[in-house]
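Structure record follows, encoded as structure tokens.
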Amino acid sequence: MREPGAMKKITFLLFFFLFVSIILPPALPAQEGKPASETGKGKSTDTLISLDFTDVEISALIKFISEVTGKNFIFDEKVRGRVTIISPRKISVDEAYRVFLSVLQVKGYTTVEQDGIVKIIPSREIKQEPTSISTEKVTGETDEYVTQLVPLTYINVRDASTLLSPLISKEGLISFYEPSNTLIVIDRKSNISRILQILSELDINRAAQVIRLYQLSNASADDLAQVLTNLFNASLTRIGPTPRTVRGKGKTTTPTGTVFKGIKFISEPRTNSIIVVSPQELIPQIEEMIEKLDIPTPENVGKINVYYLENADAEELANVLNTLISGRAAVPQTARAGHPQTVKGVITPEFEGAIKITADKGTNSLIIVASPNDYKTLVDVIKKLDIKRRQVYVEAAILEVSIDRARDVGVEFRGAFEPTSNSAAFTGTNFSFTGNINDLLVALAAGNPLLFSGEGISAGVIGGKVILPDGTEIPAITAILRAAQVASNVHVLATPHLLTMDNEEAEIVVGENVPFIVSQQRDTTNLANIINQVERQDVGITLKIKPQIHESNYVKLDIYQEASAVKEGTGVLDPNLVGPTTTKRSAKTNVIVKTGQTVVLGGLMQERKVKKVSKVPLLGDIPLLGRLFRFESTNSQKTNLLIFLTPHIIKDTGELQGITLKMKNSMKTFIEKNRDREEIQDSDMQRWLEEDPFGNEETDGP
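This note's numbering puts the first residue of the sequence shown at 21, with every later residue one more than the last.
Here you go:
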């Protein structure tokens with residue numbers, strides 16, 4: 021019989037194996053790949069995993085994240101959808117969980133963690149779910165929703181709620197509890213972190229701040245304000261020791277790393293000053309820093325800068341700037357010890373050092389040697405001068421209104437006789453008679469010489485008669501007395517169109533280049549030969565216009581107009597010996613006219629007479645009697661020169677394009693009306709009219 025102790029051991033072993041057999045079946049599947057959450061453990065956060073999924077269900081992704089993180093998830097059938105995650109490298113478990121939360125956000129879901137359980141719900145339902153509540157600053161930039169309580173100290177909670185409402189996500193919520201001046205924010209951790217950063221800048225004690233103005237002597241206000249801003253506000257931490265009074269001891273201590281908010285440095289370029297808005301305790305430190313930075317630039321320290329111009333001419337602008345920097349004599353600078361300090365180069369009170377400006381015509385740029393502060397000052401001036409100037413398009417018409425009075429006075433003979441019984445002969449003078457002999461015969465036979473007189477009047481003196489073979493009888497001797505007068509009206513000399521920039525002169529010349537004798541000398545080898553020195557000059561129409569655009573679309577025009585011509589028939593000096601004689605009419609004036617309106621200038625009168633004599637050789641030179649064999653014509657011309665000007669202000673390329681197309685359409689219309697004229701059958705002109713100078717495609721109208 022066995023001992024009682026042995027029986028107890030057997031009984032214990034039986035119960036032990038029975039217990040193990042009950043426990044092992046549920047435990048073994050967990051080792052075969054069940055979620056790590058069932059074992060209560062996940063992978064180490066230092067473990068790197070691969071997160072590559074292609075078109076998998078969200079439920080499979082949730083199961084995988086549960087295994088690697090050890091978290092327990094609850095979700096229902098509403099959480100569905102397929103996702104793809106591409107990760108080229110292995111990532112940590114924490115990074116994988118943040119990616120998982122971002123995937124849920126994209127699909128419209130979020131997580132709520134409570135009592136160790138993570139619930140996955142639609143984002144729109146987050147406001148009704150209990151989220152984790154925190155009064156400390158949230159950590160982590162994840163898409164997990166939390167409830168953040170933010171007590172405010174200085175600003176009103178209602179105002180803060182109104183200000184931050186636009187920054188809350190669509191599914192988030194912001195509210196406030198006014199008795200404790202506390203904000204209540206429900207949102208993703210990443211967005212709450214941003215909101216807390218904004219509140220840290222707003223919730224400061226403005227009443228404890230002071231405003232100070234510091235006028236600088238050497239440094240640039242803009243540059244120094246930027247330096248101080250970077251120095252004090254980059255990390256919002258105290259730099260170096262700052263005095264702080266300790267109660268009861270009357271001395272200062274210096275806590276480091278203290279955060280200060282609301283420091284502002286505002287530059288005032290007009291007086292070269294800095295306005296400082298800062299807590300009172302930082303003022304001594306700021307003043308010390310300004311004093312160390314506001315020092316004179318070392319002598320002869322300069323920098324070569326190249327500034328490329330876009331619109332202005334480099335040479336002209338260089339002259340303007342050199343005049344600016346040397347316009348006034350500089351006051352000699354005095355060293356701190358009281359002795360005068362010699363400064364080389366050009367210095368004016370507006371600049372701190374010597375400046376040299378050179379223009380490079382090839383690149384249309386300025387080469388400036390100056391200190392950084394002076395260069396910045398010059399750049400501000402250059403930008404205001406290097407602007408695109410407006411243009412002025414001027415339509416001009418130069419007309420000559422004239423009255424020509426041509427008087428022809430003389431005697432012309434017509435005679436006929438019969439050398440035989442069946443023939444007739446004709447004789448007479450032909451100075452200016454424009455009809456043919458048949459007209460003359462018919463008119464004489466009819467006894468009415470006025471029929472062929474044309475212009476003016478003709479008179480016939482009748483002698484005997486001659487009978488022609490056909491039986492026609494005509495006077496044997498006919499003397500025709502003719503006087504005529506012709507009047508004409510308008511002669512268009514030129515219709516130039518000019519386009520020029522504001523305050524730039526434009527010139528157009530239409531005429532001939534005529535040689536003029538300026539000096540004469542005899543040939544030393546042959547005294548009979550005279551050597552003429554010739555100089556060519558323009559003779560014709562010259563128009564010079566310089567526009568200046570004023571306010572309210574008015575244009576001031578500086579106008580010079582000249583009309584010159586070679587004078588003929590002087591009868592005094594031989595043009596071959598002394599050169600031609602010219603007439604000249606010019607006008608120079610200033611007018612102000614509104615864009616699109618026309619101004620007329622006139623009153624340049626000219627009168628000239630040209631006498632022409634036609635005569636029978638020898639007989640026409642006989643005194644008194646010679647008038648019967650001579651014909652004289654006198655042309656008296658009186659002209660008035662008129663100038664019509666219409667300026668148009670061109671503000672942009674669109675207006676210039678409109679004027680160009682208008683002129684092209686006018687040219688097309690002219691060609692259509694004169695297609696039969698050989699001189700306009702030019703293929704190049706036709707091609708130019710069909711092209712668009714502005715690169716737009718021309719389309720035919722409907």
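Virtual Cβ for every residue (Gly too), placed ideally from N, Cα, C.
Just so we're clear, the structure is a prediction, and the values are computed from it rather than from any experiment.
Cα-Cα separation, residue i to residue j
i	j	result
V205	V389	58 Å
T89	D96	20 Å
A444	L648	Residue placement at A444 is flagged as unreliable, the pLDDT there being 48, under the threshold of 50; the coordinate-derived value follows with that caveat. Spanning the two alpha carbons is a distance of roughly 24 Å.
N325	Y395	8 Å
L172	L193	18 Å
R410	A526	14 Å
K608	K564	9 Å
L501	L662	At L501 the pLDDT is 44, less than 50, meaning the model places this residue with poor confidence; the figure from the coordinates comes in the next sentence. Roughly 38 Å between the two C-alpha positions.
V559	M625	18 Å
I537	L513	27 Å
S213	P108	29 Å
I612	Y327	37 Å
I111	V76	19 Å
R208	I303	39 Å
P495	T654	Confidence at P495 is low in this model, with a pLDDT of 49, below 50, so the placement of that residue should be treated as unreliable; the coordinate-derived value is given next. Taking the straight line joining both Cα atoms gives about 30 Å.
F446	K587	Any reading at F446 must be qualified, since the residue scores a pLDDT of 48, below 50, and its modelled position is unreliable; no value is offered.
V123	P289	52 Å
I561	A374	51 Å
S210	Y234	41 Å
A180	K91	37 Å
L471	E692	Low local confidence applies: a pLDDT of 44 at L471 is under 50, so the model's placement there is unreliable, and no value is given.
E415	M521	15 Å
E133	L121	12 Å
Q217	S195	18 Å
G474	S606	Note that G474 scores a pLDDT of 43, beneath 50, so its modelled location is shaky and nothing firm can be said.
Residue from the options whose Cα sits closest to the Cα of residue i
i	options	result
I377	L398, N393 and T383	L398
G616	T603, D400, N573 and K658	N573
I670	Q568, T383, D114 and L563	Q568
E307	T343, D333, E336 and R232	R232
S143	K110, A514 and K98	K98
N176	Y117, S346, L219 and E87	L219
P392	S298, K312 and A239	A239
I294	A245, R650 and A80	A245
A583	R695, V530 and K323	V530
K604	Q581, K614, T618 and V619	Q581
F371	V401, I137, L676 and K635	V401
A116	T545, S86 and V138	S86
R650	I642, Q657 and S656	I642
L222	L184, T167 and F664	L184
Residue(s) in a DSSP beta bridge with residue i
i	result
L621	I663
D207	V166
K376	V389
M309	Bridge partners of M309: none, in fact.
F196	L203
L518	V414
Q134	I137
N250	Answer is none; N250 lacks a bridge partner.
P171	T202
A526	I565
F84	None, per the DSSP bridge assignment.
P299	Q229
K614	Y574
L419	V512 and L662
Q235	S293
Contact under 8 Å by Cβ, residue i with residue j
i	j	result
V103	F84	no
L236	N292	yes
A338	L405	no
N667	V575	A small fix is needed here, since residue 667 is Pro in this sequence, not Asn. Contact: yes.
I140	I82	yes
I407	N331	yes
K284	A334	no
Q540	N552	yes
L419	H511	yes
V113	I78	no
I146	I94	no
L518	I528	yes
Residue i CB to nearest heavy atom of the ligand ZN below 7 Å
i	result
Q581	In the structure shown, the ligand ZN is absent, as is every other ligand, since no ligand is present at all.
What are the start and end residues of each continuous alpha helix (DSSP H) run of 4 or more residues lying completely inside the stretch 532-608, in chain order? 595-598
Length at least 3, wholly inside the stretch 628-697: the beta strand (DSSP E) runs in chain order: 650-670
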